[in-house]
Structure formats: structure tokens, C-alpha cells
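Each protein sequence line maps, in turn, to chains A and B. So the mapping is simple: our numbering equals the position in the first sequence, first residue as 1, plus 137. So the mapping is simple: our numbering equals the position in the second sequence, first residue as 1, plus 137. A virtual CB, placed ideally from N, CA and C, is assigned to each residue, including glycine.
There are 2 protein chains.
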Amino acid sequence: MNLQNDLLLRAARGESVERTPVWLMRQAGRILPEYRAVRAGLSGFKELVKTPERACEVTIQPVDLLGVDAAIIFSDILVVPEAMGLPYELIEKTGPIFPETIRSSADLERLHIANPEEDLGYVLDAIRMTKRELGGRVPLIGFAGAPWTIFCYMTEGKGSKEWSLARKHLWQDPAMARTLLDAITESTIRYLKAQVAAGADLIQVFDSWAGVLSKELYDQFALEGLRKICEAITEVPVTVFAKGGGHFLDSLATLPCQTIGLDWTVDPRRAREVVGKNMTLQGNLDPSVLYASKDEIRRQTRSMLDRFDGQPHIANLGHGVYPDTDPENVKVFIETVKDYQPK
Amino acid sequence: MNLQNDLLLRAARGESVERTPVWLMRQAGRILPEYRAVRAGLSGFKELVKTPERACEVTIQPVDLLGVDAAIIFSDILVVPEAMGLPYELIEKTGPIFPETIRSSADLERLHIANPEEDLGYVLDAIRMTKRELGGRVPLIGFAGAPWTIFCYMTEGKGSKEWSLARKHLWQDPAMARTLLDAITESTIRYLKAQVAAGADLIQVFDSWAGVLSKELYDQFALEGLRKICEAITEVPVTVFAKGGGHFLDSLATLPCQTIGLDWTVDPRRAREVVGKNMTLQGNLDPSVLYASKDEIRRQTRSMLDRFDGQPHIANLGHGVYPDTDPENVKVFIETVKDYQPK
């Protein structure tokens with residue numbers, strides 16, 4: 138099916154576009170009353186993720202209500218460790234908890250390489266359903282967590298600021314760490330290939346906890362999995378977003394992906410110098426700007442767009458939208474991008 | 138009283154030193170059995186902070202047991218908001234909680250500028266006592282939180298990963314934010330001057346949550362308070378440590394302080410290029426390295442020291458030592474610094 142709006146895909150491929158495409162990470166998120174209404178009818182976040190009809194519904198909401206140039210399938214990065222044999226629970230206001238964790242090589246025996254059609258069929262069904270419902274209006278983005286970020290959750294078992302336990306394994310049992318990272322990588326490749334087969338038009342890999350690693354450790358442990366993923370996904374463009382990874386942008390620039398996502402601490406002009414002309418950059422408005430007045434949001438958004446110098450760029454926030462953001466302010470951001478005339 | 142070991146002070150002033158001085162942030166921390174023994178005899182962390190005899194005891198422990206080149210007074214950055222009228226509680230395994238927070242200009246009326254001798258006499262007593270007990274063996278470091286970091290706690294009321302509520306105030310009520318930041322700055326200056334009068338030989342300002350601000354917001358809201366503090370403390374050297382602040386190192390380099398602390402995500406060679414030759418750099422071994430084998434710790438420590446190129450440098454970790462670190466591994470780090478011969 139031909140896309141009526143393929144701005145995102147053309148920008149990701151570095152082709153010329155009439156205007157900068159725009160979407161939001163965690164876009165339906167918790168900001169839309171229409172999303173909360175769907176959520177209220179279900180037992181929790183996981184039921185929403187596992188019910189393709191509802192996941193499809195909330196995936197399309199921001200396309201209808203906010204006017205974004207892409208949909209991103211509503212799901213969770215933690216479905217992969219669960220598909221590998223490590224189930225998780227989501228505790229309201231606390232976050233994810235893994236009752237069992239991986240702390241030694243012996244623990245690895247509990248795991249298997251994910252079989253997407255069997256273990257993650259609900260996501261693939263949601264993708265197929267969403268593609269049908271979208272009817273080619275905008276591209277659909279599929280996604281997964283980066284191996285390092287998934288490793289963090291599988292070893293620590295819950296959220297952490299510093300992930301010191303996950304990092305400890307890299308020093309104390311690098312062989313176990315590599316085996317686990319490889320298993321996550323292989324599972325993720327199978328999962329993302331299945332997402333593409335189900336209809337995903339672009340893949341984004343989220344390395345949410347990249348920022349706790351030194352450049353040396355990132356290069357030694359995290360980069361290889363990302364490289365394998367980028368090499369394996371050849372049918373559609375791939376975006377890598379390593380939050381807090383401004384200090385190893387030069388490493389990310391070596392990945393065979395089309396787009397690098399930037400958080401709001403990275404200067405787009407420095408990023409362009411580091412990655413060169415052949416990659417698309419995505420980002421990077423500080424999500425807290427959406428708390429400002431509408432005039433200030435317009436000013437800050439235009440200033441952000443100026444700093445990308447009109448070169449291959451996909452507009453986005455520098456991270457997920459905060460849950461108490463006014464949807465009207467999100468619309469101002471989106472409309473400002475759409476109306477922008479590069480200098 | 139003359140110091141028998143003034144390496145830290147000379148390095149901070151950019152003078153030549155026989156070898157690189159070394160200390161650890163959060164050094165007594167929770168790693169020493171001798172610290173835990175003192176702690177076990179008290180009701181909690183706050184009682185330890187508020188009992189000068191015990192605070193003095195645990196301040197000196199790492200000098201005796203680990204051989205560091207400086208002591209840092211055992212205290213907490215949150216004593217300042219408490220002295221301004223906003224008490225806090227420390228909940229085991231959860232962290233600090235402020236039952237009341239500042240959410241509007243009206244809330245500011247609850248606060249007053251801290252009067253150190255009255256509100257923080259227990260810290261000053263601990264400093265006087267520690268200076269006496271140290272007998273000039275090593276310098277004593279005093280410290281406070283940076284205004285932005287204290288602002289985060291006073292507005293959010295508890296720890297946070299993104300501090301989106303604190304950042305929201307910067308956009309929605311910048312006048313209130315500036316008034317609060319100014320009050321914190323003024324309180325901090327009085328507190329730090331009192332610490333110096335009580336005997337502190339060097340002051341470190343911790344901007345623990347610097348990393349959540351874009352460079353623009355940091356320049357607009359956080360930098361001014363730091364500048365005023367640095368300008369006010371003229372009797373002893375000042376170190377500014379802004380964790381996660383690698384993206385506005387050029388702003389920090391404009392501060393009239395002697396030393397800039399680096400976390401482990403900042404490349405010391407890039408830092409030297411940005412700050413120039415006239416400042417001392419402090420840091421920045423990844424604290425997770427102390428989980429490695431002793432040989433690996435030696436290798437990583439020497440590699441870190443090499444990257445500072447022997448220029449004015451105070452060796453430290455890039456952040457606080459993790460609680461489950463083996464004290465023997467800390468000793469290997471310290472001894473490696475002491476034995477280091479610059480290339």
C-alpha cells in the first residue's frame with residue numbers, strides 16, 4: 138500500500154522533503170484523555186499492550202488527534218525479556234519489576250531466544266491491525282529496546298538511577314554479560330524482522346540507559362549488538378536513540394543505521410559535525426519546554442529547528458513527553474514544525 | 138595550624154605537586170565496616186549528621202583506613218533546605234522526602250535565609266571538632282549542594298529521574314524560581330562562609346542534578362548562583378562538580394572557581410581543551426571500575442590518570458563510591474594514584 142504521507146521515510150533516507158516531519162516519542166503516552174479512557178476500561182498497562190485491538194486504537198489516536206507524521210506501535214520494550222523467559226510486572230507509580238533476574242551464568246539457562254510469532258504474536262497482530270486501520274495515512278514505526286537497556290532490566294530486576302549492578306556484571310563476569318547481550322540481540326533481531334514483515338515501515342531502537350556507560354564500556358559491550366541489529370534490518374530505515382549518549386556520539390556514528398536520535402542535552406550542530414552529512418538526525422526539543430506558554434513553545438521549537446540547519450532532520454522531543462503535558466501544547470509544537478520555513 | 142599534607146590545596150591552586158592527590162566522593166559512605174558500626178549505634182543517618190562527635194569520627198575513618206589525601210566533612214546537602222524552613226526525612230532504601238514543598242510564590246513565605254550558627258551549628262561543630270582531631274594531617278573539605286540541585290528537592294519533595302516538576306517551574310513561574318534560587322544561593326553562601334570560618338580548607342559544591350538541564354536552562358537559571366558562591370568564597374579554593382554537565386562545560390569554565398569536577402562520561406582531554414590551562418580538573422574514574430579485579434583497577438586507574446596528562450589534577454571517582462564496593466578495591470585505586478609516574 139502506498140503511503141499518502143511518507144515524509145518520515147524520505148527524511149530518514151536523506152531524501153529531500155517539502156517540510157520537516159514530526160512525531161513524538163511515547164506519543165499517546167498518558168497525555169490524551171482519549172488514551173486514558175481506553176486504559177480505564179482495562180486491568181492495566183500490560184493488558185493494553187497484549188490486546189491488539191486496544192493497542193491499535195491508542196496507536197492511531199495521536200495521528201487523529203495531534204496530527205503527527207507517523208504512528209509508533211503502542212507496546213513496551215520489556216516484552217522482549219518476557220518473551221525470552223523472564224516475565225515482568227508493572228507496578229503503578231513504581232515501574233517494572235522482574236521477580237526473577239539474571240545474576241550468573243547458571244541463570245542464563247532459564248532463557249531462550251525469543252520466537253516472535255509464538256511469544257510476541259500480540260504485538261505483530263497489533264502491527265497488522267494498525268497498518269490496516271491507518272490505510273496508508275502515515276508510516277508505522279516499530280521498535281525495541283537496545284540490548285544494553287534490556288540487559289539492565291534483566292540483571293537489576295527493576296528501575297535504577299545508576300544501574301551499578303548491571304555495570305558490575307560487565308567487570309565481574311564479562312563472559313556472562315556477552316552471552317546475555319548476544320541472546321538479547323538475537324531475540325531482538327528476530328522480533329524486529331517480524332515487525333517489519335507484519336508491516337512496520339521504520340524501526341527505532343531505544344537505548345534508554347546508554348548514559349550510565351563510559352564511552353569505553355559502551356564501545357566494548359553495547360555497540361556490537363546495535364551494529365548487528367542495524368545490519369540485520371535491511372528492508373526499512375533504522376533509527377538508534379541512545380539517551381544520555383552525547384559522549385559517544387562518534388561511536389554511534391559508525392553504526393549502519395539511517396537516523397541517530399538526540400536527547401535535549403546534545404547540540405544539533407555538534408552532532409552534525411560528528412556524524413557527518415550522510416545520516417539523518419532526530420530530535421531534540423527539551424520535553425519540559427511543553428510546560429511553557431504557547432508563544433514560548435513556538436519560539437523554542439523554531440530555535441531548535443534552526444540548530445538543525447535544515448539538513449536531514451526528523452523533529453521530535455529529546456525524550457518522551459511528560460505525563461502531565463497539556464495536549465494543546467503538543468499541538469503547538471507539531472504545528473510550529475509544520476509551518477517552519479528554514480532560514 | 139600547618140598541614141602536613143597539603144597536596145590537595147596546592148593542586149587546587151594549580152601549584153606543582155610531587156604526586157596527584159586523591160580522595161573519594163561519599164568516601165566513608167556505606168563501604169567501611171567501621172562506618173556501619175558507628176551507624177548501627179544510632180537511630181539513623183540524620184542522627185549521625187546531627188551528632189558532631191559521630192560525624193567527626195566517620196569523617197576521619199577514610200583518612201586512617203584508606204589513606205586519602207583529604208577528609209570531607211560527613212553531612213548531607215539537604216541540611217540547607219531544612220535550615221531554610223523545609224524539613225526532610227530520610228526513608229531507608231527510598232531516599233529523602235520533604236513533607237512540604239515549594240510549588241508557588243505563596244509557599245516561599247515559609248522560608249527564611251539560613252542562619253548557619255543557629256540552624257546549622259551541628260555541622261560547624263563537627264568541622265571544628267574534625268579539624269582538631271585531624272591535627273593537620275590532611276585538609277578538610279566542606280561542601281554544599283548547588284542551588285539548582287537544592288531547588289530540585291525543594292520543589293519535587295523527593296528524588297526523581299527527570300525532575301520534570303522542578304523544570305516545569307522554570308517555564309511556568311520563572312520569577313518564583315529565581316526568588317527561590319536566590320534564597321538558596323544566599324543561604325548557601327552564608328553556610329559555606331561559616332564552614333570556612335570553622336576550619337574548612339576547601340569547598341566543594343555538588344550540582345548532582347545538573348544533567349537534566351539543557352545548556353540554555355543551565356545558563357539561564359543555574360549558573361548565576363554558582364557564580365555568586367564562587368565569588369563569595371575567597372579564602373579557600375572552590376571546586377564545582379556538576380554531574381552530567383559535560384554538555385555545558387564551557388559555561389562551567391567561566392566560573393571563578395579553582396577546580397571543575399568531571400563525571401566518568403567526560404573525556405579529560407576534551408575537558409582540558411574547553412576549560413583551558415588555568416583550572417584544576419578533578420575526577421573521573423567510573424565508580425563501577427571498583428567492581429573489577431585488582432589488576433584491572435590498576436590498569437583503568439593508570440589509563441584515567443594518563444588522560445589528564447599530568448596537568449593540574451585531583452584524582453577521584455566520577456561520582457560517589459557504590460555502597461557494595463570492597464574497601465580493599467578502593468585501596469588499590471588510591472595506591473595506584475599514589476604510585477603513578479606521569480608519562
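For S242(A), go through chain B and note every residue whose CB falls closer than 8 Å to its CB, in chain order. Numbered from 1 along the first sequence, position 105 holds the residue referred to as residue 242(A). Within chain B, no residue has its CB atom less than 8 Å from the CB of S242(A), the nearest being about 17 Å off.
Nearest-angstrom Cα distance between V411(A) and D446(A)? Within the first sequence, numbered from 1, the residue matching residue 411(A) stands at position 274. Within the first sequence, numbered from 1, the residue matching residue 446(A) stands at position 309. Distance between the alpha carbons of V411(A) and D446(A): 15 Å.
Should E194(A) go down as buried or exposed, given a rule of 16 or more other Cβ atoms within 10 Å for buried? Numbered from its first residue, the first sequence carries residue 194(A) at position 57. Its Cβ being crowded by 16 or more others within 10 Å, E194(A) is buried.
Whose CA, out of D143(B), K295(B), Q164(B), lies closest to the CA of P158(B)? Here the question's residue 158(B) lines up with position 21 in the second sequence. Nearest C-alpha to P158(B): D143(B).
Closest to V216(A) by CA distance: which of F288(A), Q141(A), C394(A) is it? In the first sequence, counting from the first residue as 1, residue 216(A) sits at position 79. Of F288(A), Q141(A), C394(A), the smallest CA-CA separation from V216(A) is found for F288(A).
Please name the residue, chosen from P189(A), R274(A), L418(A), H249(A), that lies closest to E152(A) on a Cα-to-Cα basis. Mapped onto the first sequence, residue 152(A) falls at position 15. Checked all of P189(A), R274(A), L418(A), H249(A); the closest Cα to E152(A) is L418(A).
Please decide whether G383(A) counts as near chain B, where near means a Cβ-Cβ distance under 8 Å. By one-based count along the first sequence, residue 383(A) stands at place 246. So yes, G383(A) belongs to the interface.
Are the stretch 384-404 of chain A and the stretch 257-277 of chain B in contact at 8 Å, needing three or more beta carbon pairs? Three or more Cβ pairs closer than 8 Å define a contact, and the stretch 384-404 of chain A falls short of that threshold against the stretch 257-277 of chain B.
Under the assumption that F470(A) contacts L427(A) (Cβ atoms under 8 Å), give the Cβ distance between them as a whole number of angstroms. Residue mapping note: residue 470(A) aligns to position 333 of the first sequence, counting from 1. Residue mapping note: residue 427(A) aligns to position 290 of the first sequence, counting from 1. With 8 Å as the limit, F470(A) and L427(A) qualify as a contact, their Cβ atoms being about 6 Å apart.
Can you give me the C-alpha to C-alpha distance between L392(A) and T231(A), rounded to a whole angstrom? Working through the first sequence from its first residue, we reach residue 392(A) at position 255. Working through the first sequence from its first residue, we reach residue 231(A) at position 94. Cα to Cα, L392(A) sits roughly 34 Å from T231(A).
On a CA-only basis, which of P170(A), A335(A), L202(A), A331(A) is nearest R269(A)? Give me that one, please. Position 132 of the first sequence, counted from the start, is the residue given in the question as residue 269(A). Measuring from the Cα of R269(A), the nearest candidate turns out to be A335(A).
Looking only at its chain, what residues have a beta carbon closer than 6 Å to the beta carbon of P253(A), apart from the 5 residues adjacent to it on each side? By one-based count along the first sequence, residue 253(A) stands at place 116. Hits under 6 Å: R327, Y328, A331.
So, helix, strand or coil for F249(B), using DSSP? Within the second sequence, residue 249(B) is the residue found at index 112, counting from 1. Checking the sequence, you will find His at residue 249(B) rather than Phe. Here H249(B) sits in coil by DSSP.
Using a cut-off of 7 Å between C-beta atoms, extract the partners of Y459(B) located in chain A. Against the second sequence, residue 459(B) aligns to sequence position 322. Near Y459(B) (Cβ distances below 7 Å), the residues of chain A are S301.
Quick one: is R444(A) near chain B, going by C-beta distance under 8 Å? Along the first sequence, one-based indexing puts residue 444(A) at 307. No, because no Cβ of chain B sits closer than 8 Å to the Cβ of R444(A).
Our contact map puts A220(B) next to W285(B) with C-beta atoms below 8 Å; I'd like the distance itself, whole angstroms only. The residue labelled residue 220(B) in the question sits at position 83 within the second sequence. The residue labelled residue 285(B) in the question sits at position 148 within the second sequence. Between W285(B) and A220(B) the Cβ distance is about 18 Å, and since that is not below 8 Å, they are no contact.
Opening and closing residue of the beta strand (DSSP E) in which F445(B) lies: The residue you call residue 445(B) lines up with position 308 of the second sequence. From DSSP, F445(B) is part of no beta strand (DSSP E); its letter is neither H nor E.
Residue range of the alpha helix (DSSP H) that G348(B) falls in? Here residue 348(B) refers to the residue found at position 211 of the second sequence. Taken as a continuous stretch (DSSP letters only), G348(B) belongs to no alpha helix (DSSP H), as it is neither H nor E.
At 3 residues or longer, what runs of the beta strand (DSSP E) sit wholly inside the stretch 398-448 of chain A? 417-422
Cut-off 8 Å between Cβ atoms - residues of its own chain near E368(B), not counting five sequence neighbours on either side: Numbered from 1 along the second sequence, position 231 holds the residue referred to as residue 368(B). If we look at E368(B) and ignore the five residues flanking it on each side, its Cβ neighbours are P393.
Go ahead and label P170(B) buried or exposed: buried means 16 or more other beta carbons lie within 10 angstroms of its beta carbon, across all protein chains shown. Walking along the second sequence from the start, residue 170(B) turns up at place 33. So P170(B) ends up on the exposed side.
Partner residues on chain A for S351(B), Cβ-Cβ distance less than 7 Å: What you label residue 351(B) is simply residue 214 of the second sequence in a count that begins at 1. Neighbours of S351(B) on chain A, chain order: W401, T402, D423.
Indicate whether at least one CB of chain B lies closer than 8 Å to the CB of Y428(A). Residue mapping note: residue 428(A) aligns to position 291 of the first sequence, counting from 1. Answer yes: the Cβ-Cβ gap between Y428(A) and chain B drops below 8 Å somewhere.
Show which residues of chain B have a CB atom less than 7 Å away from the CB atom of R304(A). As a working mapping, residue 304(A) is identified with position 167 in the first sequence. Residues of chain B passing the Cβ test: S425.
Kindly list, in the order they appear in chain B, the residues whose Cβ is closer than 9 Å to that of E433(A). As a first step, residue 433(A) is located in the first sequence; it is residue number 296 there, counting from the start. Per Cβ cutoff of 9 Å: W308.
Ends of the beta strand (DSSP E) at T376(B)? The sequence position of residue 376(B) within the second sequence is 239, counting from 1. Start and end: 375-379.
To test your reading of the DSSP string, which unbroken alpha helix (DSSP H) runs of 4 or more residues are found completely within the stretch 153-237 of chain A? Within the stretch 153-237 of chain A, the complete alpha helix (DSSP H) runs of at least 4 residues are 170-177, 182-187, 189-203, 216-220.
Beta bridge counterpart(s) of A281(B) as assigned by DSSP: Sequence index remark: in the second sequence, residue 281(B) carries index 144 (1-based). Beta-bridge pairing links A281(B) to V342(B).
Taking 8 Å as the threshold (beta carbon to beta carbon), is K298(B) in contact with chain A? The residue given as residue 298(B) occupies position 161 in the second sequence. Chain A, which has a Cβ nearer than 8 Å to the Cβ of K298(B), makes this yes.
Enumerate in chain order the residues of its own chain whose CB-to-CB distance from V307(A) is below 7 Å, with the five nearest sequence positions on each side excluded. The residue given as residue 307(A) occupies position 170 in the first sequence. Contrary to the premise, residue 307(A) reads as Leu rather than Val in this sequence. Closer than 7 Å at the Cβ level, and outside the excluded window around L307(A), lie A314, L354, F358.
Looking at the strands, I want to know which residues DSSP matches up with T396(A). Locating residue 396(A) in the first sequence gives position 259, counting from the first residue. Answer is T376(A), T417(A).
Would you kindly check if the distance between the Cβ of Y290(B) and the Cβ of P218(B) is under 8 Å? Your numbering for residue 218(B) matches position 81 in the second sequence. Your numbering for residue 290(B) matches position 153 in the second sequence. Yes, the Cβ-Cβ distance between P218(B) and Y290(B) is below 8 Å.
Excluding five sequence neighbours on each side, which residues of the same chain lie with their C-beta closer than 7 Å to the C-beta of P374(A)? Your numbering for residue 374(A) matches position 237 in the first sequence. By the criterion of a C-beta distance shorter than 7 Å, P374(A) is surrounded in its chain by L146, A149, R150, L339, Q395, T396, once the five residues flanking it on both sides are discounted.
So what's L140(B) in DSSP terms, helix, strand or just coil? As a first step, residue 140(B) is located in the second sequence; it is residue number 3 there, counting from the start. L140(B): coil per DSSP, three-state reduction.
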